[in-house]
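Taking it in order: structure first as structure tokens, then the write-up.
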Amino acid sequence: MRVNEIEKTYDPAKVEEKIYQRWMEKDYFHAEVDPDKEPFCIVIPPPNITGQLHMGHALNNTLQDILIRSRRMQGYNAMWLPGTDHASIATEVKIVEKMAEEGLTKEMVGREEFLKRAWKWKEQYGGRIVEQLKKLGSSCDWKRERFTMDEGLSKAVLEVFVRLYEKGLIYRGEKIINWCPCCGTSLSDAEVEYEEKEGSFWHIRYPVVGTDEYVEVATTRPETMLGDTAVAVHPEDERYRHLIGKTVMLPLVNREIPIIADEYVERDFGTGVVKITPAHDPNDFEIGLRHGLEMINVMNPDATINENGGKYAGLDRYEARKQVVKDLEALGLLVKVKPHQHNVGSCYRCNTVIEPRVSRQWFVKMKPLAEPAIEAVKNGTIKFVPERFSKIYFNWMENIQDWCISRQLWWGHRIPAYYCDDCDHITVARQAPEKCPKCGSARLHQDEDVLDTWFSSALWPFSTLGWPEKTPELEYFYPTNVLVTAYDIIFFWVARMIFSGLEQMGKEPFRYVLIHGLVRDAQGRKMSKSLGNGIDPLEVIEKYGTDALRYALTIGTSPGNDLRFSEEKLEASRNFANKIWNAFRFVMLNFDENADFSKVDPGKFTTADKWILSRINTVAREVTENLERFELGIALQKIYDFIWDEFCDWYIELVKPRLYDQEAPGRLEALYVLNEVLKNAMKLLHPFMPFITEAIYEHLITSDESIMISKWPEYREGVLYPEEERIMRVIMDAVRGIRNVRLEMNVPVTRKAKAIFVTSDPALAAAVEREAHTFKRLASLSDAVVRQDKAGIADDAVAVVVEGMEIYLPLEELIDIEKEIERLEKEKANLEMELDRVEKKLSNEGFVAKAPKAVVDAEREKEAKYRDMYRKVIERLETLKKR
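Quick note on numbering: the sequence shown equals residues 3 to 885 in this note's numbering.
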């Protein structure tokens, strides 16, 4: 340990990249199958290859790394499996935009050329987020990195599709789906973002055929009325019961449509009459199925009105809306327009408002898959942390709809369905058939669509381990241990992994689902481009270092709760790192390079030595328990408190006299304890702040070549010293108490005072006598006297009460009484002057009546404060003058 090699201040920029490269070169992140060790596996939530590291990624991956690093040190065969997602829509948008710069479209270049360009883009840009994760210190097993469209995972996707189809769980049919008119594809629920927007309710009269009556409907999308095939009322609504079974004439289209009764209708909402457009609304679609209604699609894929819209054909949906409203008004059928705020769904990629529409797509039948997945959480096979999130999971799974898995894109896993051009027979197969099994025709073509990205990521926990092959990794690491994810994709991703794992593997994909919240700004607002409050984690790393970012993201966090991120947290983290570094440098500066720890005599350990050894032992146990319960924020807080308060502020101060005196008895033991405690503290902190802990650890006396592969501190009953902890607790409280008294009385540090310690506890009495030098140094005492009673102690002595002991400070030892009386007389005069001023002001009726209430209240607060101060000064003067 050469002190001249240690920088005076810790500079993350100088060490982080070097340390990470060293870890990579040493292969510390890699894990092989080892039957002699217990596995611990996490699969990374695969970021999109189009992704750029944001605070959500930073939090998610920091939490995973904490778990992996701690388990690795605890002796588990820990493997964190990384990878990226092909992100069908996002990536295709990127390629299309790039081609547009060349004046090209997908259709112009064709599918094969487009895919060549897509793979080239992936190779060029797809690894960017992986490199950013490395900057975060992520200890992923990069040798095992996977991609959702690599050969192995593509094989897994194909196998699952065919298996589910053969079991009758995948089918092709017409159902209502989310459609993005801009991207030209169906979307999963996860790809639709909802936002409260100002809109309108248009109230429209529909004439009842054969009568003079009208029914009044209210709609937020009047253009869809072109596809209405019924109006519905509640079967028990007395207002409309006589109309059930009759028909209305659909305005503008002049089509008779029935009045039906359905319990879906809310009698107390709007007019109690609902227009039913089965081809353009999910709820209307279900009603249409129940009542056998016609499904009339009035929109083209680009959200223009099609030929079913009559004279409105060709108009954009919003232009059609304006024209429909105008025409209804002209016919006297528009009753009123009311403002209305409602949730509007938009495509997560292009922000285009999505259009629900009936479309022929591929679907997964969900009920049979959902049932065992629900049971796995109910019986505790899979546990949500915190448990309350299981309710969200159950709510979605118990009301689950069939999953639309086809996407009208080219980038992705192409659906393995082959259509016969002669007899229309569909063949689903692992390999392209040479001829139609039904008619023998060789004229076949493959489905143009690709699978929803979530289909492949649903297989992630087992496909990444080699499935469908029976690999050693699959057998050893599956089921994985914990999935770390945000609460916003519980049902989009987590649920799909659960039912996929149970269906294909017969086992749950993971045992725990650790849910974390969102990273919000200091005011608690969600980070967004529109607010301009987003924070780039890479910029934070450049300014403060990786450890500071990781600390700020972890401290105070708890499972399931959102986290506020602020500059203050980063400053606190940097201060903490500096505190640790300064303590480390102090130890090194006072170290004896020839110290032989084999000669340490535990019999020479002082009370302080035993106390700090006992405390690090206890903290190790508590932190381990916190990590087991996924209380990572609490664990970090305990480590912080121990290092800052107990080790740096107390133990180092207590041990200084022995370090400064080369001949001091127990100096070797002091050095040993400093090394041992600092070493174990760094081990506990390492998963949270990996770089500074490695930078310090490599200078300590240890047999490990890296803290990463060192052994986690284990709790030992033999290193528990409750009596020494009690005594040290009393000593520290006593020092704090004396310091507080001196501070309150404005006693200068240079003025030493005698203290009389009164206790009937022999152990405490002996401790005070033994640590008299400590009290003198840390509490600015001239002497520390121990007594069993208060005999002879002046009545005006200032008292400090701690556990098992009272401490008395003679007043004359603290202050010069004559000077203090003189000072208090001046303070009394000043207060009398202030009281006189404020009383005159408040007795002035003009001031009280005309001045703002806040100003008057402020003056009254001043009066109360001055009176309280005056009373205390008088009491103090009376006490001093009696001497």
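All residues carry an ideal CB built from backbone N, CA and C; glycine is no exception.
Bear in mind the structure is a predicted one, so any value in this text is a computation, not a measurement.
{"Asked": "Which of the three DSSP states, helix, strand or coil, is assigned to W714?", "Found": "coil"}
{"Asked": "Please determine, among D490, T487, K509 and F501, the residue with the shortest C-alpha to C-alpha distance to L476.", "Found": "K509"}
{"Asked": "Can you confirm whether the stretch 365-373 touches the stretch 165-173 when touching is taken to mean that 3 or more C-beta pairs between the two stretches lie within less than 8 Å?", "Found": "yes"}
{"Asked": "Quick one: using the 10 Å Cβ neighbour count with 16 as the cut-off for buried, is S845 buried or exposed?", "Found": "exposed"}
{"Asked": "Quick check: the stretch 152-167 against the stretch 446-460, are at least 3 beta-carbon pairs closer than 8 Å?", "Found": "yes"}
{"Asked": "Within 10 angstroms of the Cβ of M110, are there 16 or more other Cβ atoms? Answer buried if so, exposed if not.", "Found": "exposed"}
{"Asked": "Tell me the rounded alpha-carbon separation between Y78 and D38.", "Found": "10 Å"}
{"Asked": "Quick one: using the 10 Å Cβ neighbour count with 16 as the cut-off for buried, is P474 buried or exposed?", "Found": "exposed"}
{"Asked": "Just curious, the beta strand (DSSP E) that F42 is in, first and last residue?", "Found": "P41 to V45"}
{"Asked": "Secondary structure at R223, three-state DSSP: helix, strand or coil?", "Found": "coil"}
{"Asked": "Which residues share a DSSP beta bridge with T11?", "Found": "Beta-bridge pairing links T11 to no other residue."}
{"Asked": "Determine the direct distance from the alpha carbon of T231 to that of V210, and round the result to whole angstroms.", "Found": "14 Å"}
{"Asked": "Suppose you measure from the CA of D454 to the CA of F644; what does that come to, to the nearest Å?", "Found": "49 Å"}
{"Asked": "Look up A786 in the DSSP assignment and give the residues it is bridged to.", "Found": "A757"}
{"Asked": "When the Cα atoms are used, what is the spatial distance from E40 to Y30?", "Found": "17 Å"}
{"Asked": "For A774, which residues from the same chain have a beta carbon less than 7 Å from its beta carbon, with the 5 sequence-adjacent residues on both sides left out?", "Found": "A786"}
{"Asked": "Near Q54, which residues of its chain fall below 6 Å by C-beta distance, leaving aside the five closest residues on each side in sequence?", "Found": "none"}
{"Asked": "What residue from C182, S140 and G536 has the CA that sits closest to T548's CA?", "Found": "S140"}
{"Asked": "So what's N62 in DSSP terms, helix, strand or just coil?", "Found": "helix"}
{"Asked": "For Y868 and F849, what's the separation of their Cα atoms in angstroms?", "Found": "20 Å"}
{"Asked": "Are three or more beta carbon pairs between the stretch 517-532 and the stretch 597-617 nearer than 8 Å?", "Found": "no"}
{"Asked": "What residues in its chain sit with their C-beta under 8 Å from that of E834, if we drop five residues either side in the sequence?", "Found": "Y872"}
{"Asked": "Starting from K472 and walking both ways along the beta strand (DSSP E), at which residues does that stretch end?", "Found": "Element bounds for K472: n/a, residue is neither H nor E."}
{"Asked": "Given a cut-off of 8 Å on the beta-carbon distance, is the pair M301 and R319 in contact?", "Found": "yes"}
{"Asked": "Within a Cβ cutoff of 7 Å, which residues of the same chain sit near L656, ignoring the five residues on either side of it in sequence?", "Found": "A610 and T776"}
{"Asked": "Give the straight-line distance between the Cα atoms of P812 and A769, rounded to the nearest whole angstrom.", "Found": "22 Å"}
{"Asked": "Could you tell me if I262 is buried or exposed, where buried requires 16 or more neighbouring beta carbons within 10 angstroms of its beta carbon?", "Found": "buried"}
{"Asked": "Going straight from the alpha carbon of R789 to that of L745, what length do you get?", "Found": "25 Å"}
{"Asked": "Rounded to whole angstroms, what's the CA-CA distance from M3 to K581? Just pull it up for me.", "Found": "For M3, the predicted structure reports a pLDDT of 46, less than 50, and the residue's modelled location is therefore unreliable. The matter cannot be settled from this model."}
{"Asked": "Tell me, please, whether the stretch 571-587 touches the stretch 695-708 by the rule of three or more beta-carbon pairs shorter than 8 Å.", "Found": "yes"}
{"Asked": "Going by C-alpha distance, which of K199, M227 and W121 is nearest I206?", "Found": "M227"}
{"Asked": "Is it buried or exposed for Y653, if we count other Cβ within 10 angstroms and need 16 for buried?", "Found": "buried"}
{"Asked": "For E195, count neighbouring Cβ atoms within 10 angstroms of its own Cβ and tell me buried if that reaches 16, exposed if not.", "Found": "exposed"}
{"Asked": "Could you pull the start and end residues of the beta strand (DSSP E) that T187 belongs to?", "Found": "T187 to L189"}
{"Asked": "If you drop the 5 nearest sequence neighbours on each side, which residues of the same chain put their C-beta closer than 7 Å to that of K440?", "Found": "C422, C425 and H427"}
{"Asked": "For C422, does the three-state DSSP call read helix, strand or coil?", "Found": "strand"}
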